[in-house]
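In the UniProt record's numbering, the protein residues as written are 1 to 100. Shown next, in C-alpha coordinates, is the structure this report addresses.
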Amino acid sequence: MRLSRLQKHILLRCYESKNVKVPKSAFYKYYPAKEFKENKLGVQVGVQSSLENLVVKDLVVVFGYKTAKKLYINKVRLTAKGRKIARELIKKRQRKLPIK
(Lines of atoms letter the chains of each structure in order from A and count residues from 1; the text may use other names and numbers.)
(Lines give C-alpha, C1' and ligand atoms only; values in the text may rest on other atoms or scores of the structure.)
Protein backbone atom coordinates (compact mmCIF):
# COMPACT_ATOMS: atom_id res chain seq x y z
CA MET A 1 0.00 0.00 0.00
CA ARG A 2 1.46 3.36 -1.03
CA LEU A 3 1.43 6.12 1.54
CA SER A 4 2.62 9.70 1.25
CA ARG A 5 5.20 11.11 3.66
CA LEU A 6 2.48 13.03 5.49
CA GLN A 7 0.34 9.89 5.84
CA LYS A 8 3.34 7.99 7.23
CA HIS A 9 3.97 10.85 9.65
CA ILE A 10 0.33 10.72 10.81
CA LEU A 11 0.47 6.95 11.39
CA LEU A 12 3.75 7.16 13.32
CA ARG A 13 2.55 10.13 15.37
CA CYS A 14 -0.62 8.26 16.38
CA TYR A 15 1.34 5.10 17.18
CA GLU A 16 3.92 6.89 19.35
CA SER A 17 1.37 9.07 21.14
CA LYS A 18 0.53 8.41 24.79
CA ASN A 19 -3.08 9.38 24.18
CA VAL A 20 -5.32 7.02 22.27
CA LYS A 21 -7.02 9.91 20.47
CA VAL A 22 -4.65 12.43 18.90
CA PRO A 23 -5.89 15.95 18.04
CA LYS A 24 -5.71 16.97 14.40
CA SER A 25 -3.58 20.01 15.24
CA ALA A 26 -0.70 17.69 16.27
CA PHE A 27 -0.14 16.80 12.62
CA TYR A 28 0.53 20.41 11.58
CA LYS A 29 4.02 20.09 13.08
CA TYR A 30 5.01 18.03 10.04
CA TYR A 31 5.45 21.34 8.24
CA PRO A 32 8.05 23.94 9.29
CA ALA A 33 6.66 26.83 11.36
CA LYS A 34 7.48 29.36 8.66
CA GLU A 35 5.60 27.44 5.98
CA PHE A 36 2.64 26.91 8.31
CA LYS A 37 2.49 30.64 9.06
CA GLU A 38 2.66 31.65 5.39
CA ASN A 39 0.25 29.05 4.03
CA LYS A 40 -2.00 28.01 6.91
CA LEU A 41 -4.99 27.15 4.74
CA GLY A 42 -2.93 24.98 2.38
CA VAL A 43 -1.43 23.05 5.29
CA GLN A 44 -4.86 22.47 6.83
CA VAL A 45 -6.27 21.24 3.52
CA GLY A 46 -3.31 18.89 3.05
CA VAL A 47 -3.67 17.35 6.51
CA GLN A 48 -7.45 17.07 6.10
CA SER A 49 -7.19 15.28 2.75
CA SER A 50 -4.48 12.93 4.05
CA LEU A 51 -6.68 12.01 7.02
CA GLU A 52 -9.66 11.40 4.75
CA ASN A 53 -7.55 9.11 2.54
CA LEU A 54 -6.36 7.17 5.60
CA VAL A 55 -10.00 6.73 6.66
CA VAL A 56 -10.85 5.33 3.22
CA LYS A 57 -7.96 2.85 3.57
CA ASP A 58 -9.28 1.83 7.05
CA LEU A 59 -6.05 2.81 8.81
CA VAL A 60 -7.52 5.43 11.15
CA VAL A 61 -10.83 6.32 12.75
CA VAL A 62 -11.70 10.01 13.01
CA PHE A 63 -13.87 11.72 15.59
CA GLY A 64 -15.79 14.87 14.73
CA TYR A 65 -18.96 15.58 12.83
CA LYS A 66 -20.13 15.42 9.25
CA THR A 67 -22.34 17.86 7.42
CA ALA A 68 -23.88 17.39 4.01
CA LYS A 69 -20.82 18.91 2.34
CA LYS A 70 -17.86 18.47 4.65
CA LEU A 71 -16.28 16.25 7.30
CA TYR A 72 -14.98 18.13 10.36
CA ILE A 73 -12.23 16.15 12.11
CA ASN A 74 -11.27 16.81 15.74
CA LYS A 75 -9.38 13.70 16.85
CA VAL A 76 -7.81 10.63 15.24
CA ARG A 77 -7.31 7.06 16.46
CA LEU A 78 -5.46 4.16 14.81
CA THR A 79 -7.20 0.94 13.84
CA ALA A 80 -5.57 -2.48 14.21
CA LYS A 81 -4.56 -2.37 10.53
CA GLY A 82 -3.06 1.10 11.07
CA ARG A 83 -1.04 -0.08 14.09
CA LYS A 84 0.32 -2.98 12.04
CA ILE A 85 1.47 -0.69 9.23
CA ALA A 86 2.98 1.78 11.74
CA ARG A 87 5.02 -1.05 13.28
CA GLU A 88 6.26 -2.02 9.80
CA LEU A 89 7.27 1.60 9.13
CA ILE A 90 9.26 1.68 12.37
CA LYS A 91 11.00 -1.58 11.47
CA LYS A 92 11.98 -0.19 8.06
CA ARG A 93 13.26 2.98 9.69
CA GLN A 94 15.57 1.18 12.11
CA ARG A 95 19.15 0.72 11.01
CA LYS A 96 20.41 -2.79 10.43
CA LEU A 97 23.87 -3.41 11.86
CA PRO A 98 26.34 -5.55 9.90
CA ILE A 99 27.18 -8.95 11.36
CA LYS A 100 30.91 -9.69 11.61
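Positions of the beta carbon are idealized from the N, C-alpha and C atoms, including for glycine.
Query                                                                                                      : Result
Candidates K57, K75, D58, Y15: closest to residue 102 by CA position                                       : Absent from the model: residue 102. The displayed extent of the chain is 1 to 100, so no value can be given.
Test item: CB-CB of V62 and I73 under 8 angstroms                                                          : yes
Outcome for G82 when other beta-carbon atoms lying within 10 angstroms are tallied against a minimum of 16 : buried
Short Cβ contact (8 angstroms threshold) for L11 with I85                                                  : yes
Euclidean distance between Cα positions of K34 and E52                                                     : 25 angstroms
8 angstroms Cβ shell around K29 - same chain, five flanking residues per side excluded                     : none
For V20, three-class secondary structure by DSSP                                                           : coil
V60 - partner residues in DSSP beta bridges                                                                : L78
Nearest-angstrom beta carbon gap, L78 and C14 [assumed within contact, 8 angstroms]                        : 5 angstroms
Cβ separation of F27 and V47, assumed to be a contact under 8 angstroms, to the nearest whole Å            : 5 angstroms
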